[in-house]
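Asks: Numbering (our numbering), first residue to last: 56 to 312. All C-beta atoms, glycine included, are put in the ideal place defined by N, C-alpha and C. I have a structure I would like to understand better, so I am pasting it below and will then ask my questions one at a time.
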């Protein structure tokens, strides 16, 4: 009862402190399986609870004026998990991407949804669903949700290097033209994802786990680690993370990180 009274007050207090809102937040959604273990429920139920939390968090982000969210949903390392769990996760991804097409909020808020990662590693039925969601939202410019599936930061740079090398071999570019801007244009399939301002990791683990190294580490993004498992993440936790970004903005001579 006391918590229900105090939390809204604390949220308003945190909002006052967050004068600078990051344009692009990247989230490592850690702790679904550990959440399930603490509750004595199946791992798949933990993943579904995490997916539900994601939808709730997107509403918070939109209300706060954040323009880009990138979610680390499934890494290349996650393929090492048991086949049943991986299969369930792919089914869950397919379900959520299908929901995008008919989600009233997606069209009202003009949310563009797109995948980043190595599509060659995914089953064709999931890829078809992802492509349908991307096609249905490709012209939207109100908010961008990037879902990182089969993603690895070093692998992403390797894929960009292959694309650039292929263009060079075809004579479309010369080696002397290769610069930072060209590499960024070839990252993530050329989807134009902006630099990361803030990385959030849940689950009380203090690593960025090879997530968006060029756009985050390369641009010296702020980082916020917090204890709650992803299904227990609260708006207060999001605001605390934004406060870290805000403090960095204030300490910067130019007012930005």
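Between the alpha carbons of residue 300 and residue 76, how many angstroms are there, rounded?
Replies: When rounded, the distance between both Cα atoms is 8 Å.
Asks: Answer with buried or exposed for residue 259, where buried requires no fewer than 16 other C-beta atoms within 10 angstroms of its C-beta.
Replies: Exposed is the call here.
Asks: Rounded to whole angstroms, what is the Cα-Cα separation between residue 176 and residue 74?
Replies: Looking at the two C-alpha atoms, the distance is approximately 41 Å.
Asks: Using the three-state DSSP reduction, which class does residue 195 fall into: helix, strand or coil?
Replies: Coil.
Asks: In whole angstroms, what is the alpha-carbon distance linking residue 105 and residue 232?
Replies: If I take the Cα positions, the gap works out to 43 Å.
Asks: Leaving out the 5 sequence neighbours to the left and right, which residues in its chain are closer than 6 Å to residue 279 when beta-carbon positions are compared?
Replies: If we look at residue 279 and ignore the five residues flanking it on each side, its Cβ neighbours are 255, 296 and 299.
Asks: Shortest alpha-carbon distance to residue 111 belongs to which of 290, 139 and 261?
Replies: That would be 290, whose Cα lies nearest to the Cα of residue 111.
Asks: The alpha helix (DSSP H) with residue 222 in it runs from where to where?
Replies: Per DSSP, residue 222 belongs to the alpha helix (DSSP H) from 208 to 224.
Asks: Looking only at its chain, what residues have a beta carbon closer than 8 Å to the beta carbon of residue 263, apart from the 5 residues adjacent to it on each side?
Replies: So the list reads 83, 254, 256, 271, 272 and 278, once near-sequence residues are dropped.
Asks: To test your reading of the DSSP string, which unbroken alpha helix (DSSP H) runs of 4 or more residues are found completely within the region 260 to 298?
Replies: Entirely contained in the region 260 to 298, not one alpha helix (DSSP H) run reaches 4 residues.
Asks: Return helix, strand or coil for residue 241, following the three-state DSSP convention.
Replies: Three-state DSSP puts residue 241 in a helix.
Asks: Could you please give the first and the last residue of the uninterrupted alpha helix (DSSP H) stretch that includes residue 116?
Replies: Note, residue 116: alpha helix (DSSP H), 98 to 119.
Asks: With DSSP collapsed to three states, give me the class of residue 130.
Replies: DSSP places residue 130 in strand when its eight states are reduced to three.
Asks: Round the Cβ separation of residue 215 and residue 182 to the nearest angstrom and send it over; I've been treating them as touching at under 8 Å.
Replies: With a Cβ gap of about 20 Å, residue 215 and residue 182 do not count as contacting.
Asks: Pull up the DSSP beta-bridge partners for residue 125, would you.
Replies: Answer is 81 and 201, bridged to residue 125.
Asks: Do residue 123 and residue 151 count as a contact pair if the criterion is CB distance below 8 Å?
Replies: No, the Cβ-Cβ distance between residue 151 and residue 123 is not below 8 Å.
Asks: May I have the straight-line CA-CA distance separating residue 286 from residue 90, to the nearest angstrom?
Replies: Approximately 7 Å, taken between the alpha carbons.
Asks: How is residue 228 classed by DSSP in three states: helix, strand or coil?
Replies: Coil at residue 228, not helix or strand.
Asks: Quick check: the region 120 to 137 against the region 195 to 204, are at least 3 beta-carbon pairs closer than 8 Å?
Replies: Output reads yes: the region 120 to 137 touches the region 195 to 204.
Asks: Compute the Euclidean distance between the alpha carbons of residue 192 and residue 162, then round it to the nearest angstrom.
Replies: Each residue's Cα considered, the two are about 8 Å apart.
Asks: Under the rule that 16 or more other beta-carbon atoms within 10 Å means buried, what is residue 248, buried or exposed?
Replies: Residue 248 should be labelled buried.
Asks: Nearest to residue 154 by alpha carbon, out of 140, 145, 196 and 188?
Replies: Looking at the Cα atoms, 188 is the closest of the given residues.
Asks: Which first and last residues belong to the alpha helix (DSSP H) in which residue 69 is found?
Replies: Here the alpha helix (DSSP H) through residue 69 covers 57 to 72.
Asks: By how many angstroms is the C-alpha of residue 226 removed from the C-alpha of residue 103?
Replies: If you take the alpha carbons of residue 103 and residue 226, they lie about 48 Å apart.
Asks: Buried or exposed: which applies to residue 31, given that a residue is buried once 16 or more other Cβ atoms fall within 10 Å of its Cβ?
Replies: No information on residue 31 is available, as it lies outside the stretch 56 to 312 that the chain covers here.
Asks: Given this structure, state the Cα-to-Cα distance separating residue 115 from residue 85, to the nearest angstrom.
Replies: Roughly 19 Å between the two C-alpha positions.
Asks: Please report the straight-line C-alpha distance between residue 72 and residue 304, rounded to a whole angstrom.
Replies: C-alpha separation (whole angstroms): 12 Å.
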